[in-house]
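Note that the UniProt record's numbering numbers the sequence shown so that position 130 is 130, with each residue one more than the last. All C-beta atoms, glycine included, are put in the ideal place defined by N, C-alpha and C. Below: one structure, written as structure tokens.
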Amino acid sequence: MKQYDTAEKYYMDKDYNCAESVLHAANDEMNLGLDDTAFRAIGGFGGGMQCGGVCGAVSGGVAAISAKYIETYAHDCPEIGEHVSRFVERVREEMGSDQCCVLKEQHFNDQTRCYPVVEKVFNILMDCEEK
């Protein structure tokens, strides 16, 4: 699997949250053409929707997949479920969970915060989308 460090500049250097960082990095790598509205809309998904639920990095990845495949709305894109479920299942397999509270307990540290999770989830996203 090719390794990407694109999310680092957003998470570590620009202090964006996990969801914002993954979506910004995906926008760069996948040429999604997203504007500031998309990045503001994903902001509340950081920290597991601010309550330790589904990891914000995973939510950012799902948003990127949606932006890549959905042209009008989700019900008009039958393949979206396959792409999203493949990504989320890979996260669960490789990380042991897709829940912020679980991942944070395992990977958070004071220096890099959740960057190890952001980096791994982003690399899983890119690997899934290269196939």
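1) Who does Q99 pair with in a DSSP beta bridge?
2) When burial is assigned at 16 or more other CB atoms within 10 Å of the CB, is G46 buried or exposed?
3) Threshold first: 4 residues or longer. Then list the alpha helix (DSSP H) segments lying entirely within the region 14-50, N to C.
4) Can you tell which of M30, G53 and L32 has the C-alpha that lies nearest to the C-alpha of C18?
5) Start and end of the alpha helix (DSSP H) containing Y115?
6) Return the CA-CA distance between D76 and I65, expressed in angstroms with no decimal places.
7) With 16 as the cutoff for other CB atoms within 10 Å, does C100 come out buried or exposed?
8) I'd like to know whether the C-beta atoms of L32 and F87 end up nearer to each other than 8 Å.
9) With 16 as the cutoff for other CB atoms within 10 Å, does N109 come out buried or exposed?
10) Tell me the rounded alpha-carbon separation between S85 and A74.
11) Buried or exposed: where does D35 fall if 16 or more other Cβ atoms within 10 Å of its Cβ makes it buried?
12) One question on the structure: do I70 and S59 come within less than 8 Å of each other, judged by their Cβ atoms?
According to the structure shown:
1) Counted from its first residue, the sequence shown places residue 99 at position 99. DSSP output for Q99 lists V54 as bridge partner(s).
2) Translated into the one-based positions of the sequence shown, residue 46 becomes position 46. So G46 ends up on the buried side.
3) 18-30 and 36-42
4) Looking up residue 18 in the sequence shown gives position 18. Closest option to C18, Cα to Cα, is G53.
5) Counting from one through the sequence shown, the residue named residue 115 turns up at place 115. Here the alpha helix (DSSP H) through Y115 covers Y115 to E130.
6) Here residue 76 refers to the residue found at position 76 when the sequence shown is read from its first residue. Here residue 65 refers to the residue found at position 65 when the sequence shown is read from its first residue. Answer to the nearest angstrom: the Cα atoms are 15 Å apart.
7) What you label residue 100 is simply residue 100 of the sequence shown in a count that begins at 1. By the neighbour-count rule (16 or more Cβ atoms within 10 Å), C100 is buried.
8) The residue given as residue 32 occupies position 32 in the sequence shown. The residue given as residue 87 occupies position 87 in the sequence shown. Not in contact: L32 and F87 (Cβ atoms no closer than 8 Å).
9) Residue mapping note: residue 109 aligns to position 109 of the sequence shown, counting from 1. When all chains shown are included, N109 counts as exposed.
10) Your numbering for residue 85 matches position 85 in the sequence shown. Your numbering for residue 74 matches position 74 in the sequence shown. The straight-line gap from Cα to Cα measures roughly 14 Å.
11) Here residue 35 refers to the residue found at position 35 when the sequence shown is read from its first residue. Under this definition D35 is an exposed residue.
12) As a working note, residue 70 is residue 70 in the sequence shown. As a working note, residue 59 is residue 59 in the sequence shown. Not a contact, by the Cβ cut-off of 8 Å.
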